[in-house]
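Engineer: Let me give you the structure first, and then I'll get to my questions.
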Amino acid sequence: MAGEEMEEDSVHEEPILRAPDHTPVNDDALSIPEEVQHRFRGATVQLLNLLPPATATKQDTVAKALSKARAHGGQCVILEQESKPIGYVDMIDLVVEETEGNTEKDLTELLRPFGGSQEAPKLPTSYRIITPDTELAEVATFLQQHAFAFVTDAERKHIVSIVTLADVERYMENPPRSQALDPRSAEESRRDQSLADLLQKLGDFPPLIPDEVTDFYLERAGFQSEDVRLKRLLALATEKFVSDIASDAFHYARIRTNAGPSRARPGQGAGRDRARTVLTMDDLSAALGEYGIDARRADGYR
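See below:
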């Protein structure tokens, strides 16, 4: 428990980092690929639930920086000087030093400066503004060329968190349900809404099959339900099924009539004979066969 409390304190008691105030802002528009824009669909940084940045100074030890990095989910440690970021230390470098037994070593040699050198680190020559309202598509494109990105508050005065490409990918693996739906999910949602509208209308507009007939056959099948709308939905589905079979059977009959020889008498036109379609059991059997129903008569009845 004491270890957990210490870990939580290391997360919440970090110094407040000031955003660069005299550094020029890079306003060049990023070229965001269309597939990246479509993938994130307007999601923003605030959906990531990021931790505040882990901070240290060059004089801090590897052990202290590594403890902070682990408490912050393995993110890199930002080195600060007078509450201004001057560089960072990668988690991998810290683990290597721990493996070699250099836990009491300071962070000077591990510093990766944003500008200048390890001996005289400087702020970057320019920076890009990323706030909680910045779209993830822009952040993901930026992170293709950078190890991480600073996220400032809405007023752009303080650095509230850092984001890496791993944070973005982790979010996309489990996006919240409130996120915009993909085309397939949107189609399923529209279908659910259409079904709800149909069930609501079935209470006022009964199908052609009487409710008593539906109740009789549902009871014979062992299906019991007190919801009249559900019964009428099944009756409506039955009507649609019978209508499709009749339409297919008529189609087969028309093909057979047009393909067969004309039975018109000599001197009479064949138009009247071909305009008449006779539906036979063979036509109905062919239509039912498309639905997996074998309606062929036994050989003894042919």
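Numbering (UniProt numbering), first residue to last: 1 to 302.
Beta carbons are placed, not taken as given, at the ideal position from N, Cα and C, and that holds for glycine.
1. I'd like the span of the alpha helix (DSSP H) that includes VAL168, first residue to last.
2. Between the alpha carbons of ASP106 and GLU138, how many angstroms are there, rounded?
3. Which whole-angstrom value is the C-beta distance of VAL95 and LEU79, which I expect to be below 8 Å?
4. LEU143 to VAL62, Cα distance in whole Å?
5. If you reduce the DSSP assignment to three classes, tell me which class residue 304 lands in.
6. Hey, would you say ALA259 sits closer than 8 Å to LEU284, going by beta carbons?
7. At 4 residues or longer, and completely inside the segment 45 to 120: list those alpha helix (DSSP H) runs for me, N to C.
8. Closest by CA to GLY73, which one among ALA295, LYS231, SER161?
9. Compare the beta carbon distance of THR141 and VAL36 with 8 Å and say whether it is the shorter of the two.
10. Would PRO210 be called buried (16 or more neighbouring beta carbons within 10 Å of its own) or exposed?
11. Which of the three DSSP states, helix, strand or coil, is assigned to ALA149?
12. Between the alpha carbons of THR108 and ASN102, how many angstroms are there, rounded?
13. Any idea what DSSP makes of SER161, helix, strand or coil?
Structural biologist: On the basis of the coordinates in this document:
1. Position 168 of the sequence shown holds residue 168. Counting along the chain, the alpha helix (DSSP H) containing VAL168 begins and ends at 165 to 173.
2. Residue numbering aside, residue 106 sits at position 106 when the sequence shown is read from its first letter. Residue numbering aside, residue 138 sits at position 138 when the sequence shown is read from its first letter. Cα to Cα, ASP106 sits roughly 36 Å from GLU138.
3. As a working mapping, residue 95 is identified with position 95 in the sequence shown. As a working mapping, residue 79 is identified with position 79 in the sequence shown. The pair is not a contact, with the Cβ atoms about 17 Å apart (cut-off 8 Å).
4. As a position in the sequence shown, residue 143 is number 143, starting the count at 1. As a position in the sequence shown, residue 62 is number 62, starting the count at 1. Cα to Cα, the separation comes out at about 26 Å.
5. The requested residue 304 is not part of the displayed model; the chain covers only 1 to 302.
6. Locating residue 259 in the sequence shown gives position 259, where the first residue counts as 1. Locating residue 284 in the sequence shown gives position 284, where the first residue counts as 1. No, these two residues do not count as a Cβ contact at 8 Å.
7. 62 to 71, 91 to 99
8. Your numbering for residue 73 matches position 73 in the sequence shown. For GLY73, the nearest C-alpha among the options comes from SER161.
9. Within the sequence shown, residue 141 is the residue found at index 141, counting from 1. Within the sequence shown, residue 36 is the residue found at index 36, counting from 1. It is a contact, given that the beta carbons lie within the stated cut-off.
10. To locate residue 210, count along the sequence shown from 1; it is residue 210. Exposed is the call here.
11. Taking the first residue of the sequence shown as position 1, residue 149 is located at position 149. It is a strand residue.
12. Taking the sequence shown and counting its residues from 1, the one referred to as residue 108 is at position 108. Taking the sequence shown and counting its residues from 1, the one referred to as residue 102 is at position 102. Going from the Cα of THR108 to the Cα of ASN102 covers about 13 Å.
13. By 1-based counting over the sequence shown, the position of residue 161 is 161. Strand.
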